[in-house]
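One structure is given here, and the rest of the page talks about it.
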Ligand SMILES: C[S@@+](CC[C@H](N)C(=O)[O-])C[C@H]1O[C@@H](n2cnc3c(N)ncnc32)[C@H](O)[C@@H]1O
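In the working numbering, the protein residues as written are 513 to 773.
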């Protein structure tokens with residue numbers, strides 16, 4: 513973490529809102545049910561077991577880098593255990609996503625950046641009736657996650673191999689609307705803004721978009737700021753490591769909230 517990011521993190525810890533600061537019923541319930549509530553869904557045990565196995569897996573895998581890369585891992589050959597430690601959503605974040613989707617029951621979900629496929633499993637298990645489209649550029653990661661989904665007998669995942677730049681607009685064209693989009697790859701300003709604007713074409717008032725690593729770099733901080741300011745966004749929630757944007761028409765006044773996570 514750079515010094516400016518550390519200062520930003522300290523500021524986040526000092527200013528983030530918890531249940532005592534959230535007065536609107538929507539945000540208060542959101543916080544209590546999805547963040548404060550630690551109810552363990554039965555799927556969590558199995559998903560945690562998969563995470564432990566990935567963390568113990570010392571196999572090397574050749575990585576084809578399509579995006580802005582990793583700050584912690586810079587070799588083309590990476591251990592599965594290292595990718596699970598540094599390159600995928602943490603247990604806390606993945607369980608939050610699961611709770612969020614379980615509460616909102618989206619039908620069509622897109623993930624940009626499958627990596628090993630563990631977070632895709634959280635998405636898929638949280639709403640078994642949904643369809644998850646997940647895009648990954650690296651052929652070896654695509655293959656690894658394919659085998660993981662097969663082993664877990666997870667049937668509602670539709671995998672796409674290729675560059676987001678090409679595959680994401682193509683996928684959106686084939687869909688009527690999208691309910692949840694998790695943008696977790698190619699963390700630079702221009703592509704993030706482009707994916708956001710492309711995604712806007714298929715949003716509904718119920719759509720939720722999630723952006724990972726919003727404080728990863730100055731470029732990502734700028735992208736997150738511009739996404740918040742977009743007039744179509746009615747509510748943005750900053751969790752420091754990731755951000756959510758909503759388009760609820762019930763939210764008459766645009767609001768931005770920094771949430772304790
Ligand atoms: C941070 S990882 C995704 C982690 C995953 N969502 C999770 O939490 O388990 C980002 C992934 O996006 C892929 N990626 C980055 N840029 C890409 C692009 N332009 N096209 C396709 N894949 C890309 C990388 O290969 C990497 O596997």
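Glycine is no exception: its CB is placed at the ideal position from the N, C-alpha and C atoms. Please read these numbers as outputs of a predicted model, since none were measured by experiment.
Q. Is residue 698 near ligand 1, going by C-beta to nearest heavy atom under 8 Å?
A. yes
Identify whether residue 594 lies in helix, strand or coil by the three-state DSSP scheme. helix
message = Using C-beta distances below 7 Å, list every residue in its chain close to residue 760, excluding the 5 sequence neighbours before and after it, in chain order.
response = 717, 746, 747
> Taking the DSSP output, what are the residues bridged to residue 624?
Replying inline: 647, 695
If the criterion is Cβ atoms closer than 9 Å, does the pair residue 573 and residue 656 meet it? yes
Beta-carbon separation (whole angstroms), residue 701 vs residue 734, contact threshold 8 Å:
6 Å
message = residue 692 and residue 704 - do their beta-carbons sit closer together than 9 Å?
response = no
| request: Could you tell me which of 659, 603, 683 sits nearest to residue 634, measuring between CA atoms? | output: 603
Excluding the 5 residues flanking residue 650 on each side, which residues of the same chain have their C-beta closer than 7 Å to its C-beta? 575, 576, 578
Going by CA-CA distance only, name the one from 686, 678, 632, 638 that's closest to residue 661. 632
- In terms of residues, what are the limits of the beta strand (DSSP E) holding residue 732? Note, residue 732: premise wrong, no beta strand (DSSP E); alpha helix (DSSP H) at 730-741.
Does ligand 1 have a heavy atom nearer than 8 Å to the CB of residue 647? yes
Judging by CA-CA distance, which residue of 679, 628, 721 is the nearest neighbour of residue 593? 628
| task | Using a threshold of 9 Å, state whether the C-beta atoms of residue 561 and residue 611 are closer than that. | result | no
Query raised in the report: Would DSSP call residue 555 helix, strand or coil?
Result: helix
* Asked: Should residue 747 be listed as close to ligand 1, given that the test is whether its C-beta is under 8 Å from any heavy atom?
  -> no
- Could you please give the first and the last residue of the uninterrupted beta strand (DSSP E) stretch that includes residue 748? 747-750
Applying the 10 Å Cβ sphere with the 16-neighbour rule, what's the burial state of residue 678? exposed
Residues that DSSP places opposite residue 599 in a beta bridge = The partner list for residue 599 (beta bridge, DSSP) is empty, contrary to what the question assumes.
Below 9 Å between beta carbons: does that hold for residue 694 and residue 609? yes
* Closest to residue 731 by CA distance: which of 757, 698, 763 is it? -> 698
| request: Please say whether residue 750 and residue 728 have beta carbons closer to each other than 9 Å? | output: no
TODO: Determine the direct distance from the alpha carbon of residue 667 to that of residue 636, and round the result to whole angstroms.
DONE: 8 Å
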